[in-house]
Amino acid sequence: MERRRGKGAIAETIRCGGRHGSLGFGATTAVVGGVVHVSQKTTGLQRISIFPLGGALLFPRMQLPLHIFEPRYRALISDAMARDRRIGLIQPRIIRAEDDNDTPPLFDIGCLGKIAHVEALDDGRYNIVLEGLARFRMTRELDVTTPFRQIEAEIEVDDREDTNLALARRASLEHESRRFAEGQGYAVDWEAVARLDDESLVNGIAQIAPFDAAAKQALLEAASLADRADLIVQLMQFFGRHGGEDRVTLQ
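Quick note, the sequence shown lines up with residues 1 to 251 if you use full-length UniProt numbering.
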């Protein structure tokens, strides 16, 4: 089976028009998913300026388009562009509108990204494409005067041990994805899906699937690509059964 590698390939593969609206890497929907399973191989502590965003995931070698409109995050992008173009994407633990907290607590694990493309709009907003570099584990939040938050974190060393799935696991993932997509009313180009390499498929699904923040975080923290694929199948089965219910959550 031919599989092409492409960080943004799944963008043109999955265009969802079901009950959850439009999903896909080509859209800006990311602006609107117990144990921490990360490698023990890490670098020394680094200072990272962060963009806390609930329900949004970034993985190494994957891309995520974002629309930046809040003044503090405009400042974040401006600062990053003047330095090394790097920012951290991390989920807040509290993302409900009624939790009126300007600095909600954060999950421990996020992903460092590099701004691969930026479009500066006339009104000060930005459209960017963030490309994942490596996961990180936050050790503490820093006391800063910048409008955006900064943390100290250990960057995971990406040794790329195995980014391939067993054929049976790949088949199971594609089968469950078909069932889930049909149940949600999503339009999917399955021939294009079959051509995606395993890493792009698994991490692409993890990024765009309409799971809650706790489920998304579990996917980010999975120890291996195989573990992440298995978890996606379990989550699709869970959320597929509860697809018609409001506010279904793993939290």
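Even for Gly, the Cβ is constructed at its ideal location relative to N, Cα and C.
Computed from a predicted structure; not experimentally measured.
Check: Shortest alpha-carbon distance to R135 belongs to which of D108, V144 and R179?
Finding: Residue numbering aside, residue 135 sits at position 135 when the sequence shown is read from its first letter. Taking only the C-alpha atoms, the option nearest R135 is D108.
Note to self: Taking a contact to mean a Cβ-Cβ separation below 9 Å, would you say I50 touches R137 in this structure?
What the structure shows: Start at 1 with the first residue of the sequence shown, and residue 50 comes out as number 50. Start at 1 with the first residue of the sequence shown, and residue 137 comes out as number 137. Taking the C-beta atoms as reference points, R137 is found no nearer than 9 Å to I50.
Notebook entry, point to check: What's the call for Y73, buried or exposed, on a 16-neighbour Cβ count within 10 Å?
Noted result: Here residue 73 corresponds to residue number 73 of the sequence shown, with the count starting at 1. Classified as buried, Y73 has 16 or more neighbouring CB atoms from the shown chains inside 10 Å of its CB.
Checklist line | C-alpha gap between V188 and T145, whole angstroms | finding: On the sequence shown, residue 188 is found 188 positions in, with the first residue counted as 1. On the sequence shown, residue 145 is found 145 positions in, with the first residue counted as 1. Rounded to whole angstroms, the separation of the alpha carbons of T145 and V188 is 46 Å.
Note to self: Alpha carbons only, please: which of R93, I128, T43 and L173 is nearest the one belonging to residue 252?
What the structure shows: Shown here, the chain extends from 1 to 251; a query on residue 252 therefore has no answer.
Next item on the list: Apply the 10 Å Cβ neighbour rule to G124 and answer buried if 16 or more other Cβ atoms are within range, or exposed otherwise.
Entry: Taking the sequence shown and counting its residues from 1, one reaches residue 124 at position 124. In the assembly as shown, G124 is an exposed residue. Its beta-carbon has fewer than 16 other beta-carbons within 10 Å.
Check: Comparing alpha-carbon positions, which option in P210, E191 and A206 lies nearest L184?
Finding: Translated into the one-based positions of the sequence shown, residue 184 becomes position 184. It should be pointed out that residue 184 corresponds to Gln in this sequence rather than to Leu. Residue P210 holds the alpha-carbon nearest to the alpha-carbon of Q184 among P210, E191 and A206.
Note to self: Using CA atoms only, rank isn't needed, just tell me which of V118, R178 and I208 is closest to A194.
What the structure shows: Against the sequence shown, residue 194 aligns to sequence position 194. Considering only alpha carbons, the answer is R178.
Check: To which residues of the same chain is C235 closer than 6 Å at the C-beta, ignoring the five residues directly before and after it?
Finding: Stepping through the sequence shown from its first residue, residue 235 is reached at position 235. Contrary to the premise, residue 235 reads as Leu rather than Cys in this sequence. The residues are F211 and A215.
Check: Count the other CB atoms within 10 Å of the CB of Q237; is the residue buried (16 or more) or exposed (fewer)?
Finding: As a position in the sequence shown, residue 237 is number 237, starting the count at 1. If you draw a 10 Å sphere on the C-beta of Q237, you find fewer than 16 other C-beta atoms in it, and that means exposed.
Item checked: Option in T139, C111, V118 and P52 with minimal Cα separation from N101 -> In the sequence shown, residue 101 corresponds to position 101, counting from 1. Residue P52 is the option with its Cα nearest to N101.
Note to self: I need the DSSP call for A222, collapsed to helix, strand or coil.
What the structure shows: As a first step, residue 222 is located in the sequence shown; it is residue number 222 there, counting from the start. Secondary structure at A222: coil, using DSSP grouped into helix, strand and coil.
Notebook entry, point to check: Going by other Cβ atoms of all chains shown within 10 Å of its Cβ, with 16 needed for buried, is G54 buried or exposed?
Noted result: Numbered from 1 along the sequence shown, position 54 holds the residue referred to as residue 54. So G54 counts as buried.
Next item on the list: Return the CA-CA distance between L220 and R93, expressed in angstroms with no decimal places.
Entry: By 1-based counting over the sequence shown, the position of residue 220 is 220. By 1-based counting over the sequence shown, the position of residue 93 is 93. If you draw a straight line from the Cα of L220 to the Cα of R93, it is about 14 Å long.
Notebook entry, point to check: So the alpha helix (DSSP H) N203 belongs to, where does it begin and stop?
Noted result: Along the sequence shown, one-based indexing puts residue 203 at 203. N203 -> alpha helix (DSSP H) spans D198 to I208.
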